[in-house]
Amino acid sequence: PAMGYGLPGGGGGGGYPRFDGATWNLSEASAATGSPEDVSLAFGADGKPAIAYAYWSSGMVKIRYTRYNGIAWVDSALGPTTTEGLFPSLAFDLYGRPAIAYFDLGGDGGQLNYASYNGASWAHTHVDGDETGYTGPACSLAFGPDGKPAMAYLDYRASLDHAELRVARCNPGPILTWP
Numbered sequence: 001p002a003m004g005y006g007l008p009g010g011g012g013g014g015g016y017p018r019f020d021g022a023t024w025n026l027s028e029a030s031a032a033t034g035s036p037e038d039v040s041l042a043f044g045a046d047g048k049p050a051i052a053y054a055y056w057s058s059g060m061v062k063i064r065y066t067r068y069n070g071i072a073w074v075d076s077a078l079g080p081t082t083t084e085g086l087f088p089s090l091a092f093d094l095y096g097r098p099a100i101a102y103f104d105l106g107g108d109g110g111q112l113n114y115a116s117y118n119g120a121s122w123a124h125t126h127v128d129g130d131e132t133g134y135t136g137p138a139c140s141l142a143f144g145p146d147g148k149p150a151m152a153y154l155d156y157r158a159s160l161d162h163a164e165l166r167v168a169r170c171n172p173g174p175i176l177t178w179p
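First residue of the sequence shown? That's 1 in this note's numbering, and the numbers climb one at a time after it.
Given below as structure tokens:
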């Protein structure tokens, strides 16, 4: 077994403990300055762990991705320094490329977004939501047998007191589009 963790609320620190059958071994998984939280752990086809997480720095929260290459953790931002988000959910597609669903805090509300890595850069796609409410917290990303991403998430557009559980599935085709 293994897990990823971060300390919420700016407490600093974050790591990757794994059990080797006899003892737990801990490695520091985040090289980013700030405080990691909302951690999502997944394993690539090569069996190496990767973690998506939100981190607080200078009063803003960003989404980051780190992967263990067999020697060290390699940490990277998901793109523009203005990308804000929480609740990342990490999964690998059928080709072993990472993808992350996350709750984007931009604007007055929040929206569900999807980021995918093509081997050189991250591409971000809006999935659902607008600036009238909170759409996308508690998201969970998975890939279907056809290789297309799907997400379950909460939608608070109707009321902040009541959430609707929603599912978004990518439309078939060479270009990712969402219904």
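Every residue gets a Cβ at the ideal spot worked out from N, C-alpha and C, and that includes glycine.
Could you check which residue in the options has the C-alpha nearest to that of residue i?
i: residue 159; options: 121, 145, 91 and 134; result: 134
i: residue 153; options: 146, 65, 139 and 120; result: 139
i: residue 41; options: 66, 21, 130 and 93; result: 66
i: residue 63; options: 86, 170 and 111; result: 86
i: residue 97; options: 148, 59, 103 and 155; result: 148
i: residue 69; options: 92, 47, 93 and 89; result: 47
i: residue 53; options: 71, 72, 78 and 59; result: 78
i: residue 93; options: 112, 72 and 116; result: 116
i: residue 73; options: 21, 49 and 130; result: 49
Between residue i and residue j, what straight-line distance do the alpha-carbon atoms span, to the nearest angstrom?
i: residue 144; j: residue 150; result: 7 Å
i: residue 38; j: residue 146; result: 28 Å
i: residue 141; j: residue 119; result: 19 Å
i: residue 7; j: residue 95; result: Confidence at residue 7 is low in this model, with a pLDDT of 49, below 50, so its placement is unreliable and no value can be given for it.
i: residue 111; j: residue 45; result: 30 Å
i: residue 155; j: residue 103; result: 11 Å
i: residue 21; j: residue 71; result: 20 Å
i: residue 75; j: residue 136; result: 24 Å
i: residue 157; j: residue 105; result: 14 Å
i: residue 171; j: residue 114; result: 14 Å
i: residue 84; j: residue 161; result: 24 Å
i: residue 130; j: residue 88; result: 18 Å
i: residue 61; j: residue 51; result: 16 Å
Using a Cβ-Cβ cut-off of 8 Å, state whether residue i counts as contacting chain B.
i: residue 89; result: The structure shown has no chain B; it contains just one protein chain.
Can you give me the Cβ contacts of residue i inside the same chain, cut-off strictly under 7 Å, excluding the 5 residues immediately before and after it?
i: residue 91; result: 42, 99, 141, 142 and 143
With a threshold of 6 Å on Cβ separation, who are the neighbours of residue i within its own chain once the five nearest residues in sequence on each side are excluded?
i: residue 169; result: 150
i: residue 101; result: 89, 114, 139, 141 and 151
Residues in the same chain with beta-carbon distance under 8 Å from residue i, minus the five sequence neighbours each way, listed in chain order, please.
i: residue 59; result: none
(request) Count the C-beta pairs between the segment 114 to 125 and the segment 158 to 167 that are closer than 8 Å, then say yes if the count reaches three, no if not. (result) Here the segment 114 to 125 does not lie against the segment 158 to 167, with fewer than 3 beta-carbon pairs under 8 Å apart.
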